[in-house]
Amino acid sequence: MKIDTLFRHTREAFRSLTRNTWMTFAASSAVAVTLLIFGFFLVFAFNISYMATELDKQVAVRAFFQPNVTDDDIDQVIAQIKKDPAVAKVKFVSKEDGLRQMKENWGDDESFFRGLEKGNPLPDGLVIQAKDPQKTKALSDSLDKYSQISDKSYGEGVTNNILGISEWVRNAVFIFGLGLAILAAFLISNTIKLTIFARRREIEIMRLVGASNWFIRWPFFIEGSIIGVLGAIIPTAVTLVSYNAVLGILNADGAYSLFKLLPMWPLSMYVAGITTILGILIGVWGSMISVRRFLKV
Amino acid sequence: MIEMHDVYKVYGNGVKALNGINVKIDQSEFVYVVGPSGAGKSTFIKLMYREEKPTHGVILINGVNVKRVRNWKIPYLRRNIGVVFQDYKLLPNMTAYENVAFAMEAVETPHRKIRRRVQEMLELVGLYDRMNALPSQLSGGEQQRVSIARAMVNNPGFLIADEPTGNLDPENSWDIMYLLEEINARGTTVVMATHNKEIVNTMRKRVIAVEQGVIVRDEQQGEYGYED
Chain A
1 MKIDTLFRHT REAFRSLTRN TWMTFAASSA VAVTLLIFGF FLVFAFNISY MATELDKQVA
61 VRAFFQPNVT DDDIDQVIAQ IKKDPAVAKV KFVSKEDGLR QMKENWGDDE SFFRGLEKGN
121 PLPDGLVIQA KDPQKTKALS DSLDKYSQIS DKSYGEGVTN NILGISEWVR NAVFIFGLGL
181 AILAAFLISN TIKLTIFARR REIEIMRLVG ASNWFIRWPF FIEGSIIGVL GAIIPTAVTL
241 VSYNAVLGIL NADGAYSLFK LLPMWPLSMY VAGITTILGI LIGVWGSMIS VRRFLKV
Chain B
1 MIEMHDVYKV YGNGVKALNG INVKIDQSEF VYVVGPSGAG KSTFIKLMYR EEKPTHGVIL
61 INGVNVKRVR NWKIPYLRRN IGVVFQDYKL LPNMTAYENV AFAMEAVETP HRKIRRRVQE
121 MLELVGLYDR MNALPSQLSG GEQQRVSIAR AMVNNPGFLI ADEPTGNLDP ENSWDIMYLL
181 EEINARGTTV VMATHNKEIV NTMRKRVIAV EQGVIVRDEQ QGEYGYED
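First to last, the protein sequences are chains A and B. Note that the UniProt record's numbering numbers the first sequence so that position 136 is 136, with each residue one more than the last. Note that the UniProt record's numbering numbers the second sequence so that position 154 is 154, with each residue one more than the last.
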């Protein structure tokens, strides 16, 4: 394409957008409304996915050493486990650490454990995390080969439940998001169809005088993407400002730290980026399928 | 040159518009296509600029089999064919100049060539002084002249006109006819469907009469031959 022609197409796109102010407004509003819903959904989805990942991180194998092992044995076992490509992280929990944790967990009743410091009956242990939380059981089974390890557990029942829920949540979020995007595309393509219908005569004449199909499509292509960008600005701003406010409220009171939400950055960049790209895709797609009807290709 | 060999056209709804057309129109000819309403004139015309495809038969335009041309190549075929309609089909929000220039932009003519050529064409059709007027500010005859300028601006070998004088009073109709004759004299083939008895009988040219989808008469210096 000649640079002259590209300028012409861009000029035409802008001319049409400014000439049909109301149509531009209607089309980008349709984009905006759907993207607003999508934006909120996106923030929600990112956080759910984040929580699911955090939940998965709680899943780990706890292994305990025989009481008589030496420090060398321990180092050796740790080194070997670290070599396993399925292992993400290995943490050594000494018997002293174990006792301290237990006291913390019992809170006010920690007096039960007083005096145990001298003849600490707890074994030294390891907390091992799998790279893929779904493979925690296999990882646990693989520990059988170490004679230095006397006992291990990965909280079978609880772990399976957690993994099941997070998997389910991810799938549900994905399917819902896909459905929303398709719905938005149809809504918007209908609105854009109206703007193109108003210009069918122009298209008819272009065809008669021998304009190539792509020559006819280009201005609509550019117009569609501008509508998409225009339609993405407001929902992106509204979504991010609201999210920032929610973050502010939740962080102000430490009591809600149970909900660990993603910080503004880089979430805001993802949301802005995905929303804008989706807006452009929807705008262009809507334009293309609408102009197709008049091209008779 | 336009050739049709054994051309049939049946529309999707079962209407048989053309039933075996054989015709040959040479370069630089001027041809009237006449016949009662619904006889197939419009279909005959539409086949020439490939707005419709023949159901059966072969149409050659300068030796190219139109039926075999891929859809995306049709625009390039059309660049050699100018089309004029009864209702002008001008873009209402563009001036006379812009309407004509539009046809040149659409085929990606460099800018510096457009201005000179458009002014030349507007001069030919006698509207050089009215180039900045919108279609709504022009009379029917003037609008039709703009549409002829648009059809001719890319210098096509053929000009196809579907009832170009259908909406005009006799005086304006004659202006259009003189213009078409002038264009024909410069070497462009003109094919014109018409209901105008006075014009056909006065400005004598080849006449092709179509009735019920077949050519019933084809005469040099022919007459209109109907009573409407």
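Don't be surprised by glycine CBs; every beta carbon is placed ideally from N, CA and C.
- Across the set A:ASP109, A:LYS103, A:GLU54 and A:LYS131, the C-alpha of A:LYS131 shows the shortest separation from the C-alpha of A:LYS83.
- Within the stretch 119–202 of chain B, the beta strand (DSSP E) runs of at least 3 residues that lie entirely inside it are, in chain order, 158–162 and 189–193.
- Taking a beta-carbon distance threshold of 9 Å, A:ALA185 does not count as an interface residue toward chain B.
- For B:LEU60, the enclosing beta strand (DSSP E) stretches over residues 56–61.
- The criterion of a C-beta distance shorter than 9 Å is satisfied by B:SER147 and B:TYR88.
- Here B:MET4 carries a strand assignment [DSSP, helix/strand/coil].
- For A:LYS137, the enclosing alpha helix (DSSP H) starts and ends at 136–142.
- According to the DSSP assignment, B:ASP218 belongs to the beta strand (DSSP E) that extends over 214–219.
- Counting along the chain, A:ASP151 sits inside the beta strand (DSSP E) bounded by residues 149–153.
- Annotation: Cβ neighbours of A:GLY210 in chain B (cutoff 9 Å, chain order): ILE74, PRO75, TYR76, LEU77, ARG78, ARG79, ASN80, ILE81, ALA103, ALA106, VAL107, ASN154 and PRO156.
- In the three-state scheme derived from DSSP, where H, G and I count as helix and E and B as strand, B:GLY40 is classed as coil.
- Neighbours of A:ARG8 in chain B, taken as residues whose beta carbon is under 8 Å from its own, are GLU105 in chain order.
- Closer than 8 Å at the C-beta level to chain A, one finds these residues of the stretch 85–99 of chain B: LYS89, LEU91 and ASN93.
- When Cβ-Cβ separations below 9 Å define contact, A:ILE226 makes no contact with chain B.
- Going by DSSP, A:GLU117 is part of no alpha helix (DSSP H) at all; its letter is neither H nor E.
- At a cut-off of 9 Å between C-beta atoms, B:PRO110 counts as an interface residue with respect to chain A.
- In the structure shown, A:VAL209 adopts coil according to DSSP, grouped into three states.
- Unbroken alpha helix (DSSP H) runs of no fewer than 4 residues, entirely contained in the stretch 12–57 of chain A, are not found.
- Annotation for A:ALA60: no beta strand (DSSP E) segment contains it, and DSSP assigns it neither H nor E.
- Proximity of chain B to A:MET206 at the Cβ level (cut-off 7 Å) is accounted for by ALA106, in chain order.
- By a beta-carbon distance limit of 8 Å, A:ALA27 does not contact A:THR239. Their separation comes to about 20 Å.
- For the pair A:GLY228 and A:VAL284, the CB atoms are nearer than the 9 Å cut-off.
- Restricted to the stretch 166–226 of chain A, the alpha helix (DSSP H) segments that are unbroken, complete and at least 4 residues in length are 200–208, listed in chain order.
- Not a single C-beta of chain A is nearer than 9 Å to the C-beta of B:TYR11.
- Taking 9 Å as the threshold, the shortest C-beta distance from A:LYS2 to chain B falls below it.
- For B:MET4 against B:ASN19, the beta-carbon gap comes to about 12 Å, at or over 8 Å, which does not count as contact.
- Exposure of B:GLY187 is indicated by the presence of fewer than 16 other C-beta atoms within 10 angstroms of its C-beta.
- In this structure, A:ALA13 places its C-beta atom within 9 Å of the C-beta atom of A:GLU223.
- Within 7 Å of the CB of A:THR5, the CB atoms of chain B belong to GLU108, in sequence order along the chain.
- For B:GLN27, the three-state secondary structure derived from DSSP is coil.
- The beta carbon of B:ALA151 sits closer than 9 Å to some beta carbon of chain A.
- CA-to-CA, the gap between A:ARG170 and A:ALA52 works out to about 8 Å.
- Counting along the chain, B:ARG78 sits inside the alpha helix (DSSP H) bounded by residues 74–78.
- Judged by beta-carbon spacing, B:VAL210 lies within the 9 Å limit of B:VAL33, meaning their Cβ atoms are closer than that value.
- Shortest Cα-Cα distance from A:GLU117 to any of A:LEU143, A:TRP265, A:ILE37 and A:GLY98 involves A:GLY98.
- In the structure shown, the three-state DSSP call for A:VAL77 is helix.
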